[in-house]
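Student:
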Amino acid sequence: PTPPAALLEVRGLRVVFDGFAAIDGLDFTVEEGELRFLIGPNGAGKTTLIDVVTGLTKPAAGSVRFGGRELVGRREHHIVRLGVGRTFQTATVFEELTVVENLDLADSFRLPLRSLLRRRRGVSDAVASALEAADLTALADKPAGVLSHGQRQWLEIGMLLVQRPKLLLLDEPVAGMSRSERERTGELLHRIASTHTVVVVEHDMEFLRRYARKVTVMHQGHVLREGSVAEVQEDPRVREVYLGR
Ligand code: ADP
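With the UniProt record's numbering, the residue at position 35 of the sequence shown is 41, and numbering never jumps.
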């Protein structure tokens with residue numbers, strides 16, 4: 007059998023801020039169709055890694071290949087068009103617009119010419135399927151400004167889905183969520199991962215034990231360990247740096 011194709015391949019990555027190497031010799035591979043969790047103590051370099059993959063930060067060295075294409079040196083909007091979408095720790099939604107209007111807007115940015123046609127036909131297929139996938143159907147006509155913190159995160163994920171990314175990079179989507187919102191998010195992530203490749207930065211061990219299959223532990227800008235939640239939790243090096251025992 008042929009091994010699964012790597013969708014994202016990061017090799018020898020190095021990112022330097024004012025002489026400090028935030029990422030130092032990082033290798034990281036994500037295969038097509040994976041739901042991968044990225045953990046590690048504060049300052050490990052998780053957000054910086056996402057920033058490099060999405061073109062926000064330039065590395066000092068190394069390569070980031072996505073579907074065989076080099077991403078280093080490409081601009082952010084080009085990387086979005088190649089199929090890489092990300093969320094930020096604070097959701098960016100248009101508060102004065104409804105949920106559906108936010109999704110519509112995300113759709114128009116991607117496909118500006120279709121916006122006229124769509125106005126006459128109602129909601130586009132992409133918006134309809136994002137409403138469902140991100141659990142937003144019941145909220146469709148609510149202004150985004152009245153959504154809870156968790157609902158905003160789902161909306162932001164929905165806005166990404168509308169843009170038809172192949173790879174979604176989600177930065178701490180469950181931070182600050184209520185227990186029931188976390189559960190719905192865990193299910194949502196698995197639903198999305200059945201049709202997309204997803205990388206999620208997450209700290210909450212209880213959440214990981216419940217929803218994560220494969221985990222990558224980062225520490226001081228490189229990968230310390232990869233494996234199942236049970237495997238990484240048993241690793242004494244991980245316990246030392248991440249769990250603090
Ligand atoms: P994590 O997401 O794992 O908490 P970050 O990627 O945010 O870690 O940060 C990694 C390291 O890089 C930290 O020491 C942080 O202070 C530093 N860093 C991140 N972004 C910048 C920046 N724009 N300028 C200077 N230092 C930065």
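Just so you know, even glycine gets a beta-carbon here, dropped at the ideal spot from N, CA and C.
#1: Measuring from the CB of P179, is there a heavy atom of ligand 1 at a distance below 8 angstroms?
#2: Does the beta-carbon of M211, which I'm using as the reference point, lie nearer than 8 angstroms to any heavy atom of ligand 1?
#3: Only counting runs of 3 or more residues, tell me where the beta strand (DSSP E) segments fall wholly within the region 180-249, in order along the chain.
#4: Report the three-state DSSP secondary structure of A28 (helix, strand or coil).
#5: So is T222 in contact with chain C if we call contact Cβ pairs under 9 angstroms?
#6: For residue 2, which three-state DSSP category applies?
#7: From which residue to which residue does the beta strand (DSSP E) around D177 run?
#8: Consult DSSP for A97 and reduce its assignment to one of helix, strand or coil.
#9: Using the beta-carbon count (16 or more within 10 Å), is F34 buried or exposed?
#10: Would you say the beta carbon of P47 is closer than 8 angstroms to some non-hydrogen atom of ligand 1?
#11: Can the beta-carbon of V205 be found less than 9 angstroms from the beta-carbon of L175?
Tutor: Quick answer:
#1: Looking up residue 179 in the sequence shown gives position 173. Not under cutoff, so the answer is no.
#2: Residue numbering aside, residue 211 sits at position 205 when the sequence shown is read from its first letter. Not so, every heavy atom of ligand 1 lies at least 8 angstroms from the Cβ.
#3: 203-207, 220-225 and 228-233
#4: Your numbering for residue 28 matches position 22 in the sequence shown. If DSSP states are grouped into helix, strand and coil, A28 belongs with the strands.
#5: Considering every chain present, this structure includes no chain C. It has just one protein chain.
#6: Only positions 7 to 251 of the chain appear in the structure, and residue 2 is not among them; the question remains open.
#7: Counted from its first residue, the sequence shown places residue 177 at position 171. Its beta strand (DSSP E) spans residues L173 to D177.
#8: Here the question's residue 97 lines up with position 91 in the sequence shown. Correct three-state label for A97: coil.
#9: By 1-based counting over the sequence shown, the position of residue 34 is 28. F34 is buried by the Cβ-count criterion.
#10: As a position in the sequence shown, residue 47 is number 41, starting the count at 1. Yes, ligand 1 has a heavy atom inside 8 angstroms of this Cβ.
#11: By one-based count along the sequence shown, residue 205 stands at place 199. By one-based count along the sequence shown, residue 175 stands at place 169. Their beta carbons are under 9 angstroms apart, which means V205 touches L175 by this criterion.
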